[in-house]
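>
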Amino acid sequence: MKKEQKDTIIVELGKKLTEYPHFYLVDVTGMDAEATSSFRRKCFKSEIKMVVVKNKLLHQAFEKAEVDFSELYGTLKGSTAVLFTQTANIPAKLLKDKEIKAAGVPSLKAAYAEEGFYVGADKLEELSAIKSKGEVIADIVALLQSPAKNVVSALQSGANTIHGVLKTLGERAE
2 MKKEQKDTII
12 VELGKKLTEY
22 PHFYLVDVTG
32 MDAEATSSFR
42 RKCFKSEIKM
52 VVVKNKLLHQ
62 AFEKAEVDFS
72 ELYGTLKGST
82 AVLFTQTANI
92 PAKLLKDKEI
102 KAAGVPSLKA
112 AYAEEGFYVG
122 ADKLEELSAI
132 KSKGEVIADI
142 VALLQSPAKN
152 VVSALQSGAN
162 TIHGVLKTLG
172 ERAE
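If you read the sequence shown in this note's numbering, its first letter stands for residue 2, the second for the next number, and so on.
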């Protein structure tokens, strides 16, 4: 590969590092063509950008980035694919998928999610538990609606009770 091509790849990786707030480094050693294309399709459906890259070029892109990615340098061994995503927990949920888990590959090397570093395959559970922005907003809205729903429910049941008492009193013969 010529130096110009390498420089272009490094620049493209740098753009993706700034464009996507979260990424996962996965080990794709041992994946055959069928498994790779199947995994790529699942990534595409989940809005994940998968890029298989040379470790040295990724290392150079990390060095040129604004964020200090030095914690991830030790994981750049073997065949590496980078999963770029806008939502932090989607790749973790994809890697936990039964079909993918049964195949045993790819496995998590490290991740950069929610401005934190997660190194090691044992962090997959922790990463899948991260809530997305939409999920956090939904939880907050549900928490805010709960007291209002309780008040409305109490008022409605009280109104039905009062109405029932008044109706019974009105129908009673004097």
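The beta-carbon is built from N, C-alpha and C at its ideal position, and this holds for glycine as well. All values derive from a computational prediction rather than experimental measurement.
#1: Pull up the CB-CB distance for A114 and L26, whole angstroms please, since I reckon it's below 8 Å.
#2: Which residues mark the beginning and the end of the alpha helix (DSSP H) in which K110 is found?
#3: What do you get for T76, buried or exposed, if any count of 16 or more other CB atoms within 10 angstroms of its CB means buried?
#4: On the DSSP bridge assignment, give the partners of G117 in chain order.
#5: Whole angstroms are fine: how far does the CA of M32 sit from the CA of K134?
#6: Helix, strand or coil for T9? Go by DSSP, reduced to three states.
#7: Assess, as a yes-or-no matter, whether the stretch 46-55 is touched by the stretch 79-88 under the definition of 3 or more beta carbon pairs within less than 8 Å.
#8: CA-CA distance, L167 and S154?
#9: Can I101 and F45 be called in contact, C-beta distance under 8 Å?
#10: Would you mind stating whether S108 and A93 have Cβ atoms separated by less than 8 Å?
#11: Count the other CB atoms within 10 Å of the CB of T86; is the residue buried (16 or more) or exposed (fewer)?
#12: Is the Cβ-Cβ distance between E64 and F118 less than 8 Å?
#13: Could you pull out every residue in the same chain whose Cβ sits closer than 8 Å to the Cβ of R173, ignoring the five residues on either side in sequence?
#14: Buried or exposed for D98, going by 16 or more other Cβ atoms inside 10 Å?
#15: Short check: CB of L128 to CB of L59, under 8 Å?
#16: Should A89 and I131 be called a contact, given that it needs their Cβ atoms to be closer than 8 Å?
#17: In chain order, what residues of the same chain lie with their CB nearer than 6 Å to the CB of S47, ignoring the 5 residues before and after it?
#18: Have a look at T9 and S147 and give me their C-alpha separation to the nearest angstrom.
#19: Apart from the five residues on each side of it in sequence, which residues of its chain come closer than 8 Å, Cβ to Cβ, to Y21?
Taking the definition as stated:
#1: Not quite, the Cβ-Cβ distance comes to about 11 Å (not below 8 Å), so this is no contact.
#2: Looking at the DSSP string, K110 is not in any alpha helix (DSSP H); the run it does join, the beta strand (DSSP E), is S108 to A114.
#3: buried
#4: A114
#5: 32 Å
#6: helix
#7: yes
#8: 20 Å
#9: no
#10: no
#11: buried
#12: no
#13: none
#14: exposed
#15: no
#16: yes
#17: I91 and L95
#18: 53 Å
#19: K50, F85, T86 and Q87
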